[in-house]
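>
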Amino acid sequence: MSGILYLVPTPIGNLEDMTFRAIRILKEADVILAEDTRTSAPMLKHFGIDKKAYSHHQHNEHKATAEIIKFLKEGKMVALVSDAGTPAISDPGFFLVREALKNEIEVNCLPGATAFVPALVNSGLPSDQFVFEGFLPVKKGRQTRLKLLAEEERTMIFYESPHRLLKTLEEFASYLGEDRQASVSRELTKIYEETVRGTVLKIKSHFENNILKGEFVICVAGKDLAKDKASKNKDKYKKED
Numbered sequence: 087m088s089g090i091l092y093l094v095p096t097p098i099g100n101l102e103d104m105t106f107r108a109i110r111i112l113k114e115a116d117v118i119l120a121e122d123t124r125t126s127a128p129m130l131k132h133f134g135i136d137k138k139a140y141s142h143h144q145h146n147e148h149k150a151t152a153e154i155i156k157f158l159k160e161g162k163m164v165a166l167v168s169d170a171g172t173p174a175i176s177d178p179g180f181f182l183v184r185e186a187l188k189n190e191i192e193v194n195c196l197p198g199a200t201a202f203v204p205a206l207v208n209s210g211l212p213s214d215q216f217v218f219e220g221f222l223p224v225k226k227g228r229q230t231r232l233k234l235l236a237e238e239e240r241t242m243i244f245y246e247s248p249h250r251l252l253k254t255l256e257e258f259a260s261y262l263g264e265d266r267q268a269s270v271s272r273e274l275t276k277i278y279e280e281t282v283r284g285t286v287l288k289i290k291s292h293f294e295n296n297i298l299k300g301e302f303v304i305c306v307a308g309k310d311l312a313k314d315k316a317s318k319n320k321d322k323y324k325k326e327d
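Note that the working numbering gives residue 212 to position 126 of the sequence shown, counting from 1, and the numbers run on in steps of one.
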């Protein structure tokens with residue numbers, strides 16, 4: 087019988103967010119794959135998981151996957167973790183999952199930590215319908231994507247790095263409008279966790295005057311919400327007149 091590939095979410099900051107099931111699976115696994123073993127090693131040690139993790143990242147996943155599929159076909163239990171959060175969400179994992187399924191190997195993703203869910207819920211923006219965009223293209227296709235997103239009616243969620251945050255907010259102001267409602271969360275679950283809400287312009291002004299550190303999640307209101315707000319303001323001004 088073939089083994090099972092487990093995708094195991096790990097804490098995005100606070101180690102107390104690790105689940106009992108995740109610890110058990112990592113202890114039982116024959117092979118642990120990690121995006122960066124230097125990051126995973128202290129986490130594994132903290133939870134008493136005395137096993138070596140093997141690197142599995144975007145630069146070697148295509149080459150390594152054939153060997154992993156071989157282990158799985160031999161009945162081995164393989165667990166994949168990323169540096170933080172759920173594997174395959176803006177992290178390595180998709181290619182391995184697809185190849186495992188092609189080979190009729192069972193794939194099981196545990197529920198657990200991921201950054202965009204708390205950021206969305208904390209934002210105060212509509213969460214009944216949303217679209218996860220992850221990281222925007224750095225160069226090619228970036229403007230085209232932003233033009234398309236200007237028409238998106240659902241709440242949009244993005245990941246961004248500290249050194250590109252201000253540029254991205256500036257582009258949102260240009261393509262989506264300075265008054266578009268948004269929320270930016272950083273260092274989620276950590277000591278210096280912060281969420282800033284308001285217009286894109288207000289949030290940009292805040293981060294221009296504060297230290298840019300940590301990983302950022304940006305939630306931006308869809309076109310409908312922006313349109314509804316503008317309509318309400320228009321009606322308000324009419325009543326005042």
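Built from N, CA and C at the ideal position, the CB exists for glycine as well.
Because the structure is a prediction, the values reported are computed rather than measured.
DSSP on L91, reduced to helix/strand/coil?
In the structure shown, L91 sits in a strand (DSSP, three-state: E or B).
> A186: buried (16+ other C-beta within 10 angstroms of its C-beta) or exposed?
Counting Cβ neighbours within 10 Å, A186 comes out buried, since at least 16 surround it.
> Out of curiosity, what's the CA-to-CA distance linking L166 and G134?
Their Cα atoms are separated by approximately 17 angstroms.
> Quick check: what's the CA-CA separation for I304 versus S271?
Near 7 angstroms, if we compare the C-alpha coordinates of S271 and I304.
> Whose C-alpha, out of Y140, N100 and V94, is nearest the C-alpha of I277?
Among Y140, N100 and V94, the Cα nearest to that of I277 is on N100.
> Output the boundary residues of the beta strand (DSSP E) element that contains Q267.
Where Q267 is concerned, the enclosing beta strand (DSSP E) stretches over Q267 to R272.
> Using DSSP with H/G/I as helix, E/B as strand and the rest coil, what is L298?
Coil at L298, not helix or strand.
> Taking the alpha carbon of S260 as the reference point, which residue from Y245, M87, N295 and L235 has its own alpha carbon closest?
Nearest C-alpha to S260: L235.
> Taking all protein chains shown into account, do 16 or more other C-beta atoms lie within 10 angstroms of the C-beta of P173, making it buried, or fewer, making it exposed?
So P173 ends up on the buried side.
> What separation, rounded to the nearest whole angstrom, lies between the Cα atoms of E147 and I154?
Approximately 10 angstroms between the Cα atoms of the pair.
> Sort L158, V203 and E301 by Cα distance to V217 and report the nearest one.
Checked all of L158, V203 and E301; the closest Cα to V217 is V203.
> Any chance you could list the beta strand (DSSP E) runs of at least 3 consecutive residues sitting entirely within the stretch 146 to 201, in chain order?
Runs found: 163 to 167 and 192 to 195.
> As a quick exercise: from N208, V117 and T125, pick the residue whose alpha carbon is nearest that of G89.
Comparing Cα positions, the closest option is V117.
> Compute the Euclidean distance between the alpha carbons of F106 and T200, then round it to the nearest angstrom.
Using only the alpha carbons, I get a separation of about 16 angstroms.
> Considering only DSSP beta bridges, list what S209 is partnered with.
DSSP, once it has assigned bridges, lists no residue as partnering S209.
> Since I believe L251 is in contact with F40 (beta carbons under 8 angstroms), could you give me their beta-carbon distance rounded to a whole number of angstroms?
Here the chain covers residues 87 to 327 and nothing more, so residue 40 does not appear.
> Using only the alpha-carbon positions, how far apart do H143 and D177 sit?
Looking at the two C-alpha atoms, the distance is approximately 8 angstroms.
> Can you tell me the Cα-Cα spacing of Q215 and T285, whole angstroms?
Roughly 20 angstroms between the two C-alpha positions.
> Buried or exposed, going by whether 16 or more other CB atoms sit within 10 Å of the CB of V94?
Buried is the call here.
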